[in-house]
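Top to bottom, those sequences are chains A and B. Position 226 of the first sequence, counted from 1, bears residue number 226 in the working numbering, the numbering being contiguous throughout. For the working numbering, count along the second sequence from 1 and bump the result up by 658. Even for Gly, the Cβ is constructed at its ideal location relative to N, Cα and C.
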Amino acid sequence: MSSADLTSERDLPPEREASAKGDLAPERDGPRDTGLDDASLHRWLARTWRTPPGVIGALSSVDHKVIARRYLITAFVFLCLGGLNAVAMRIQLSGPQRGLIGPDLYNQLFTMHGVTMMFLFAVPIVQATGIYLVPLMVGTRNIAFPRLNAFSYWVYVSGGLFAWVSFALSMAPDVGWFAYVPLSGPEYGPGKRADVWAQMITYTEVSSLAVAVATIVTVLKQRAPGMSLDKIPLYVWALLVTSFVVVFAMPAVMITSTFLILDRLVGTHIFNPAEGGDALLFQHLFWFFGHPEVYIIFLPATGMVSAIIPAFARRPAFGHLGLVLSLIAVGFLSFGLWVHHMFATGLPKLGASFFTASSMMIAIPNGVQIFCWLATLWDGRPVIRTPLLFVFGFFFIFIIGGLTGVMLASVPLDLQVHDTYFVVAHFHYVLIGGSVFPLLGAAYFWFPKITGRMMSERLGRWHFWLAVIGFNAAFFPMHIVGLWGMPRRVYTYPAELGWGNINLFITAGAVLFFLSFVLFAFNLVHGALRGAPAGDNPWDAGTLEWATSSPPPSYNFARIPVVTNVEPLWAERDALPVATGLRVDARELLISTVAEAHPDIREKSATPSIWPLLAAIAVGATFLYSIFTPWAIVWGAAPIALTLIGWFWPKGDPEDEE
Amino acid sequence: MNQRPAADLSGLPTFGHGPRSPTWWGTLGFMALEGTGFALAAGAYLYLATLWPNWRLSAPEPNHWPGTIVTLLLIASLVPNHILNGYAKECAIGPVRIGMVVMSLLGLAPLIVRWFEFPALNIYWDTNAYGSMLWVLLGLHTTHLITDVGDTIVLTVLMFTHHGYSGRRFGDVGDNVFYWDFVVLTWIPIYLLIYWVPRLG
Chain A
1 MSSADLTSER DLPPEREASA KGDLAPERDG PRDTGLDDAS LHRWLARTWR TPPGVIGALS
61 SVDHKVIARR YLITAFVFLC LGGLNAVAMR IQLSGPQRGL IGPDLYNQLF TMHGVTMMFL
121 FAVPIVQATG IYLVPLMVGT RNIAFPRLNA FSYWVYVSGG LFAWVSFALS MAPDVGWFAY
181 VPLSGPEYGP GKRADVWAQM ITYTEVSSLA VAVATIVTVL KQRAPGMSLD KIPLYVWALL
241 VTSFVVVFAM PAVMITSTFL ILDRLVGTHI FNPAEGGDAL LFQHLFWFFG HPEVYIIFLP
301 ATGMVSAIIP AFARRPAFGH LGLVLSLIAV GFLSFGLWVH HMFATGLPKL GASFFTASSM
361 MIAIPNGVQI FCWLATLWDG RPVIRTPLLF VFGFFFIFII GGLTGVMLAS VPLDLQVHDT
421 YFVVAHFHYV LIGGSVFPLL GAAYFWFPKI TGRMMSERLG RWHFWLAVIG FNAAFFPMHI
481 VGLWGMPRRV YTYPAELGWG NINLFITAGA VLFFLSFVLF AFNLVHGALR GAPAGDNPWD
541 AGTLEWATSS PPPSYNFARI PVVTNVEPLW AERDALPVAT GLRVDARELL ISTVAEAHPD
601 IREKSATPSI WPLLAAIAVG ATFLYSIFTP WAIVWGAAPI ALTLIGWFWP KGDPEDEE
Chain B
659 MNQRPAADLS GLPTFGHGPR SPTWWGTLGF MALEGTGFAL AAGAYLYLAT LWPNWRLSAP
719 EPNHWPGTIV TLLLIASLVP NHILNGYAKE CAIGPVRIGM VVMSLLGLAP LIVRWFEFPA
779 LNIYWDTNAY GSMLWVLLGL HTTHLITDVG DTIVLTVLMF THHGYSGRRF GDVGDNVFYW
839 DFVVLTWIPI YLLIYWVPRL G
């Protein structure tokens with residue numbers, strides 16, 4: 001690709017003419033990467049893109065990798081907390097009539113388990129992985145809207161703290177992660193527990209939406225030259241589709257939680273049938289979000305699988321186009337399934353038939369993906385390492401979860417097992433098999449890139465087998481006990497029902513599964529401190545994140561790569577083509593066209609700022625206070641506005657500000 | 659790994675308007691999620707309306723005049739809004755400054771009328787679900803309006819400082835124009851829902 005291809009005359013914008021008229025401040029120029037030797041270039045870029053020193057500097061960071069690492073660690077802490085909830089519940093259920101945990105605490109435990117795993121672990125960790133990897137995989141120096149990205153993290157972590165502090169104070173939500181009315185409404189949900197649920201949900205979803213928008217714009221506008229739509233890596237495609245699903249699904253749960261807090265706090269009647277409202281409206285709105293939520297978690301995991309398999313099969317993914325179309329199809333279809341969560345509510349039969357059909361239909365694109373992955377392995381020369389082992393675990397577990405999903409899509413069977421442990425088994429097979437196993441594989445796969453060190457392969461294999469055995473021991477028997485009629489969300493059961501032994505076995509499996517994560521945590525820490533040096537590309541993978549050093553420098557790439565193939569590092573073994581001409585004294589990014597990734601603009605990326613943190617504090621305080629009085633929204637508006645002005649207002653050279 | 663120069667980016671411009679700019683796409687993303695929120699709120703209203711044969715639940719009809727005045731003001735504001743966009747594309751700072759002042763005033767005007775629009779609904783939020791939904795729909799759009807007018811005023815002030823002479827800022831003005839179109843566009847279905855759907859029955 002020549003420079004003439006990249007900046008032909010027809011693409012020069014009219015703005016440059018305006019500049020000549022004198023209406024516009026003359027563009028300040030500075031040193032470029034052209035002509036600099038490698039050492040000087042790295043020194044310039046390191047100084048320009050560094051995170052400032054000190055505590056304030058660290059809190060001001062807008063480096064996507066710094067933010068992503070914080071996200072990943074925070075999400076992992078929440079995973080451990082949610083896992084401890086689960087273990088506590090399982091110990092209580094390990095035998096009949098155990099008195100370890102009473103009904104009130106049990107209700108808080110299963111609610112916090114669901115809330116933590118869904119809102120504070122699963123979605124944030126897949127988005128965080130994207131925050132780290134997407135800019136590297138598309139060959140850019142930072143994510144789009146880096147301050148918004150920083151803001152999203154502060155919002156997320158304070159929302160999580162909000163929930164867990166409330167748990168410590170015994171005022172955690174106790175109405176299930178779904179918080180159905182009327183149980184969570186003003187009549188049956190006194191106190192502040194349901195209010196904590198409502199505001200914490202709204203608050204943390206702001207974070208997810210911000211990340212989704214930043215991800216979409218990064219993928220659409222910041223791709224390396226030549227990375228046309230057909231050359232975007234499958235993982236990036238998965239994150240792009242996921243982000244669109246977030247944009248159109250998450251507002252539904254925010255509307256649901258906002259309606260709920262209005263009913264509770266200011267006396268509206270949206271969900272109150274006695275005054276013209278409707279309780280089922282809550283379920284419609286919640287599941288309009290809740291079902292796509294499954295795919296918000298699952299789609300990035302499929303992207304991880306699509307990255308891991310080619311790297312270890314030593315060949316590009318079979319059926320790249322088919323995989324992309326499957327991702328898009330799953331994204332669309334995920335919006336047409338929500339009513340299958342509501343089959344037991346007595347909806348009209350015609351509607352139930354439609355949602356049965358659409359629920360079964362989503363198995364088709366998922367099946368296409370699985371067959372493409374199998375074909376890639378079949379036609380490749382697979383090297384079996386820990387990341388690939390977790391992908392095999394994913395195949396086994398997710399397929400079982402998918403099959404029980406097809407069963408539950410059938411109304412008669414769903415009515416029989418509704419609200420039993422069969423459903424609990426099904427969705428854990430889907431969510432853990434479909435998301436957590438690929439995520440664990442991804443952790444082993446990309447850990448060397450993030451830390452510059454390898455995790456232990458031997459411990460990884462132990463981790464895998466412990467996890468597979470523990471998981472199946474914990475969750476497979478739940479299908480059986482569910483078919484026997486054991487309901488979910490009960491804190492105990494009578495001995496004469498005969499569920500004691502199987503529950504003891506389930507608890508043993510759950511403890512084993514938890515221990516596998518303890519081993520994983522040890523391997524993470526051990527790897528980060530003592531792991532063997534990884535080098536730039538320890539797996540000899542083909543996508544762009546492996547073209548830079550491990551861990552990547554603050555500026556990601558010294559020169560922007562030019563892409564000629566979907567696996568550019570395999571296509572350009574001798575020398576990677578790169579673009580030059582960006583300034584090194586300012587945070588310049590290349591902005592490209594949407595379809596062809598044709599270079600279009602050199603634009604400045606945001607500099608570090610403390611204002612996103614201050615804005616998140618203002619928003620958080622407003623939400624927290626609003627569970628006590630609606631006036632909090634009025635009083636909170638002023639500090640929110642001030643912090644946003646501080647964030648927006650340029651502080652230096654006009655050309656150097658976001 | 660080894661590298662070989664394959665492209666020179668030094669001739670590229672440092673800013674762009676409309677779809678060339680990442681901020682435009684970010685604005686579009688926020689429109690999509692806010693629009694989804696509006697659509698779901700409107701859907702909730704229609705869902706409840708179909709459940710109850712006597713929808714309005716014996717409440718009086720809302721007085722449509724304040725809402726209609728807001729509608730006319732918003733539609734009228736589209737003309738100077740698009741003239742402003744033209745000046746922003748030309749990077750003409752003088753006319754842009756005047757246009758931003760005009761758009762700030764045209765943003766405040768419907769907010770003043772909106773103050774009278776809430777009582778003209780002739781029902782409170784806690785009377786019944788019909789009243790709740792009217793206040794929610796109007797409240798959502800009012801929040802939308804307040805935040806955009808606030809943003810417009812801050813940008814107007816900014817354009818009168820030395821920071822205004824920046825290509826990036828002219829892009830911001832263009833994005834502000836784009837977002838105002840969205841504020842106006844989202845109001846039309848809400849206006850019809852609040853004032854004219856109840857009159858259908």
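Measure how close the beta-carbons of residue i and residue j come, nearest whole angstrom, since I'm counting them as under 8 angstroms.
{"i": "N523/A", "j": "G460/A", "result": "6 angstroms"}
{"i": "G336/A", "j": "V241/A", "result": "The pair is not a contact, with the Cβ atoms about 15 angstroms apart (cut-off 8 angstroms)."}
{"i": "I756/B", "j": "V842/B", "result": "Contact flag wrong, Cβ pair sits at about 21 angstroms."}
{"i": "Y421/A", "j": "R488/A", "result": "6 angstroms"}
{"i": "V77/A", "j": "N149/A", "result": "Not really, about 20 angstroms apart at Cβ, beyond 8 angstroms."}
{"i": "L742/B", "j": "V855/B", "result": "Not really, about 33 angstroms apart at Cβ, beyond 8 angstroms."}
{"i": "F673/B", "j": "G825/B", "result": "3 angstroms"}
{"i": "W682/B", "j": "D833/B", "result": "6 angstroms"}
{"i": "V138/A", "j": "A224/A", "result": "6 angstroms"}
{"i": "V227/A", "j": "A163/A", "result": "Note on identity: in this sequence residue 227/A is Met, with Val being the wrong assignment. Not confirmed; about 39 angstroms, so no contact."}
Which same chain residues, not among the five before or five after residue i, have their C-beta less than 6 angstroms away from its C-beta?
{"i": "L72/A", "result": "A128"}
{"i": "V383/A", "result": "F312"}
{"i": "G159/A", "result": "M200, Y203, T204"}
{"i": "S207/A", "result": "S152, V155, Y156"}
{"i": "P316/A", "result": "P310, E567"}
{"i": "S679/B", "result": "G829"}
{"i": "D29/A", "result": "none"}
{"i": "Q92/A", "result": "R98, L100, I101"}
How many Å lie between residue i and residue j at the Cα?
{"i": "V155/A", "j": "T204/A", "result": "6 angstroms"}
{"i": "I56/A", "j": "I770/B", "result": "41 angstroms"}
{"i": "A311/A", "j": "G542/A", "result": "7 angstroms"}
{"i": "V562/A", "j": "T580/A", "result": "10 angstroms"}
{"i": "M791/B", "j": "T800/B", "result": "14 angstroms"}
{"i": "G752/B", "j": "F248/A", "result": "39 angstroms"}
{"i": "G527/A", "j": "T451/A", "result": "9 angstroms"}
{"i": "Y235/A", "j": "T302/A", "result": "8 angstroms"}
{"i": "I601/A", "j": "L590/A", "result": "6 angstroms"}
{"i": "Y853/B", "j": "N721/B", "result": "8 angstroms"}
{"i": "K604/A", "j": "I804/B", "result": "29 angstroms"}
{"i": "Y493/A", "j": "G176/A", "result": "19 angstroms"}
{"i": "T404/A", "j": "T685/B", "result": "41 angstroms"}
{"i": "F244/A", "j": "I216/A", "result": "7 angstroms"}
{"i": "V339/A", "j": "T356/A", "result": "9 angstroms"}
{"i": "F628/A", "j": "F178/A", "result": "22 angstroms"}
{"i": "V468/A", "j": "E588/A", "result": "46 angstroms"}
{"i": "K21/A", "j": "V525/A", "result": "Because K21/A carries a pLDDT of 42, less than 50, the predicted location of this residue cannot be relied on, and the following value inherits that uncertainty. Between K21/A and V525/A, the C-alpha separation is close to 59 angstroms."}
{"i": "S592/A", "j": "H598/A", "result": "5 angstroms"}
Just to confirm my understanding: we take residue i, look at its own chain, exclude 5 residues before and 5 after, and list those with CB closer than 7 angstroms. What are they?
{"i": "T814/B", "result": "M758, V759, S762"}
{"i": "P612/A", "result": "R147, A150, F151, W154, W647"}
{"i": "F462/A", "result": "Checking the displayed sequence, the identity of residue 462/A turns out to be Trp instead of Phe. Answer for W462/A: L519, listed in chain order."}
In its own chain, which residues sit with a C-beta less than 8 angstroms from the C-beta of residue i, not counting the 5 before and 5 after it?
{"i": "G695/B", "result": "L798"}
According to a CB-to-CB cut-off of less than 9 angstroms, which residues of the stretch 587-603 of chain A neighbour chain B?
E588, L589, L590, I591, T593, V594, P599, D600, I601, R602, E603
Enumerated in chain order, which unbroken segments of the alpha helix (DSSP H) with a length of 4 residues or greater are wholly contained in the stretch 415-459 of chain A?
As far as the stretch 415-459 of chain A is concerned, its whole alpha helix (DSSP H) runs of at least 4 residues are 421-431, 437-451.
In the stretch 742-798 of chain B, which residue ranges form an unbroken alpha helix (DSSP H) of at least 4 residues, counting only runs that do not cross its ends?
751-775
When you check each C-beta in the stretch 139-167 of chain A against every C-beta of chain B, which residues fall closer than 7 angstroms?
Within the stretch 139-167 of chain A, the qualifying residues are A144, F145.
Which residues, in order along the stretch 659-671 of chain B, keep a beta-carbon less than 7 angstroms from a beta-carbon of chain A?
M659, N660, Q661, R662, P663, A664, A665, D666, L667, S668, G669, L670, P671
Using a beta-carbon distance cut-off of less than 7 angstroms, what residues from the stretch 628-647 of chain A approach chain B?
A641, I645
Give, in chain order, every residue of the stretch 702-714 of chain B whose Cβ lies closer than 7 angstroms to some Cβ of chain A.
A702, Y705, L706, L709, W710
List, from N- to C-terminal side, the alpha helix (DSSP H) runs of 4 residues or more that fit wholly inside the stretch 146-232 of chain A.
As far as the stretch 146-232 of chain A is concerned, its whole alpha helix (DSSP H) runs of at least 4 residues are 146-168, 193-221.
Residues of the stretch 228-248 of chain A with Cβ closer than 9 angstroms to any Cβ of chain B, in chain order
For the stretch 228-248 of chain A, which is checked against every Cβ of chain B, the residues closer than 9 angstroms are S243, F244, V246, V247, F248.
Give me the subset of the stretch 677-700 of chain B whose CB atoms are less than 7 angstroms from a CB atom of chain A, sorted by chain position.
R678, P680, W683, G684, G687, F688, A690, L691, T694, G695, L698, A699
Within 7 angstroms of chain B by C-beta, residues of the stretch 99-124 of chain A in sequence order:
Those residues of the stretch 99-124 of chain A that come within reach of chain B (Cβ to Cβ, closer than 7 angstroms) do not exist; the list is empty.
If you measure beta-carbon to beta-carbon, which residues of the stretch 51-65 of chain A are closer than 8 angstroms to chain B?
none
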